[in-house]
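Below: the structure, in structure tokens.
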Amino acid sequence: MQNHNYTIRWTQIIPNTFMYGSRLQFKSHETIFKNRLMPSGIVIHEWKMMTDYAEEKIIPTLPILKRGETYLFSFDYDVEPNTGIYFKIIFKRRNGTVADMRIIQQNEVAITYPYEAFSYELQMINAASTYVCFRKITIQRQSIKTVSFPLAVSSIMNEAQTLPILNIVFTETQPLSSDAIREVKNVIKVEHWQHYSLEMIYEALAHLKNTATLNCIGYCTESSAIAYEMATLLNGTAFVTHHFKHTADHEQQAPPLVRYTEALHDVQAHTFMVQQLLNPSRYLNNIDINMLNGGCYREC
């Protein structure tokens with residue numbers, strides 16, 4: 004059986020290791036970092052899945068992960084004070100732009116690798132630390148037996164029996180606001196899909212194929228990506244936000260695509276971290292309800 008457990012250590016100094024005024028000591032099972040004057044918000048060290056050796060002179064230090072799979076990240080370290088560092092995972096598209104980002108302040112977190120991501124980076128960031136004893140990061144793929152949330156496909160909500168349309172909404176990890184779908188007819192909500200493979204999600208929805216006109220709806224990065232994938236498999240229409248960036252796959256028939264938000268719908272005056280605190284289902288307020296309830300729409 005293939006091993007899906009990976010251990011990440013800090014064993015070298017790279018260009019993005021913060022060395023100004025730092026004391027760094029590599030030991031057999033841990034690395035000690037000391038710097039009392041380092042500003043907060045600065046990267047202490049980082050690990051990458053992909054590197055350009057000719058330019059960076061470093062080799063990759065993160066494993067290749069599978070899109071749509073869920074992994075448990077465990078962080079083993081001591082720090083003074085105990086809130087003195089945090090981690091950030093940056094998922095990047097093939098063209099190098101950021102597809103998604105996660106801030107991690109706990110010692111364990113389950114993360115589903117985004118469908119849009121081509122590579123990822125992991126950063127350890129200072130938050131007023133004076134001493135760090137870093138031992139390892141463990142990445143473990145979560146099997147179906149370890150998934151704590153079953154794939155949930157709801158019954159039809161806001162049912163209109165004479166309307167030959169089903170609106171399949173794929174939820175993000177934050178709760179879906181009931182107000183966001185109050186006016187949408189024939190809603191089927193799909194929850195916890197992030198923990199399952201594309202094949203298993205399709206199997207749960209395959210019985211809907213060709214029974215009605217299917218609208219597969221996402222409202223942020225991950226849900227838009229899975230909405231597009233399911234629309235392709237179910238012969239439906241994909242409703243996505245501006246977060247979705249798609250590279251054409253000539254081996255598959257692309258589904259009709261409706262992009263119902265633009266970047267200007269983001270709160271321009273706020274930082275990315277502030278936007279992360281807002282419920283992404285707010286983007287559904289920008290969708291034309293008539294499109295979902297039987298009105299005409301055009302592809303974009």
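Taking the working numbering, the leading residue of the sequence shown gets 4, the next gets one more, and so forth.
Every residue, glycine too, gets a C-beta built ideally from N, C-alpha and C.
Model, not experiment: these values are computed from the prediction.
In chain order, what residues of the same chain have a beta carbon less than 7 Å from the beta carbon of residue i, not counting five sequence neighbours either side?
i, result
"His253", "Bear in mind that the predicted position of His253 carries a pLDDT of just 42, short of 50, making it unreliable; the figure below should be weighed with that in mind. Excluding sequence neighbours, His253 sits near nothing in its chain."
"Asn189", "Ile159, Asn161, Glu162, Ala163, Leu166, Ile168, Leu169 and Asn170"
"Leu201", "Gly71 and Glu232"
"His195", "Phe152, Pro153, Leu154 and Ala155"
"Lys248", "Arg96 and Glu119"
"Ile290", "Phe242 and Tyr263"
State the DSSP-derived secondary structure class of residue i, mapped to helix, strand or coil.
i, result
"Leu65", "coil"
"Met294", "helix"
"Gln164", "coil"
"Asn218", "strand"
"Ile17", "coil"
"Asp81", "strand"
"Asn98", "coil"
"Arg138", "strand"
"Leu40", "coil"
"Phe275", "Any reading at Phe275 must be qualified, since the residue scores a pLDDT of 48, below 50, and its modelled position is unreliable; the value itself is stated next. Three-state DSSP puts Phe275 in a helix."
"Ser284", "helix"
Within the continuous alpha helix (DSSP H) that includes residue i, where are the two ends?
i, result
"Ala102", "That residue, Ala102, is in no alpha helix (DSSP H); its beta strand (DSSP E) goes Val101 to Ile107."
"Ser226", "Thr224 to Leu237"
"Ala207", "Leu201 to Leu208"
Tell me the residue span of the beta strand (DSSP E) that contains residue i.
i, result
"His48", "Val46 to Lys51"
"Glu111", "Glu111 to Thr115"
"Glu175", "From DSSP, Glu175 is part of no beta strand (DSSP E); its letter is neither H nor E."
"Lys60", "Counting along the chain, Lys60 falls outside any beta strand (DSSP E), and DSSP gives it neither H nor E."
"Lys192", "Val190 to Glu194"
"Thr10", "Asn8 to Ile11"
"Glu124", "Ser122 to Asn129"
"Leu260", "Leu260 to Arg262"
"Val243", "Thr240 to Val243"
Could you check if residue i belongs to the surroundings of the ligand MN, using beta carbon to heavy atom distance under 7 Å?
i, result
"Ile67", "Judged by which ligands are present, the structure shown has none, so any question about the ligand MN falls away."
May I ask you to list the residues that DSSP assigns as paired with residue i?
i, result
"Phe29", "Thr34"
"Thr86", "Answer is none; Thr86 lacks a bridge partner."
"Leu75", "Ala113 and Gln143"
"Ala155", "Glu194"
"Asn289", "In DSSP, Asn289 forms no bridge with anything."
"Ile93", "Met104 and Glu124"
"Leu169", "Leu217"
Going along the chain, which residues of its own chain have a beta-carbon closer than 8 Å to the beta-carbon of residue i, five neighbours each way excluded?
i, result
"Glu111", "Leu75, Phe76, Ser77 and Phe78"
"Asn282", "Gln177, Pro178 and Ser180"
"Ala272", "Summary for Ala272: the model assigns pLDDT 42, below 50, so the residue's position carries little reliability; its value from the coordinates is reported in the next sentence. Excluding residues within five positions, none has a Cβ falling inside 8 Å."
"Ala183", "Tyr222, Ser284, Arg285, Leu287 and Asn288"
Could you name the residues of the same chain whose beta carbon sits closer than 6 Å to that of residue i, not counting the 5 residues immediately before and after it, in chain order?
i, result
"Ala241", "Cys219, Ala230, Tyr231, Ala234, Pro258 and Leu260"
"Ile106", "Lys91"
"Ile140", "Ile11 and Phe78"
"Ser122", "Met52, Met53 and Lys95"
For this session: Would you check if the stretch 56–69 and the stretch 79–88 touch, i.e. whether three or more CB-CB distances between them fall below 8 Å?
Result: Segment contact: the stretch 79–88 against the stretch 56–69, fewer than three CB-CB distances shorter than 8 Å; contact not assigned.
Problem set entry | Stretch pair the stretch 46–57 + the stretch 100–113: three plus CB contacts closer than 8 Å | no
Exercise. Should the stretch 202–219 be regarded as contacting the stretch 227–247, the criterion being three or more beta carbon pairs within less than 8 Å?
Worked result: yes
Exercise. Hey, is the stretch 33–41 in contact with the stretch 120–135, meaning 3+ C-beta pairs nearer than 8 Å?
Worked result: yes
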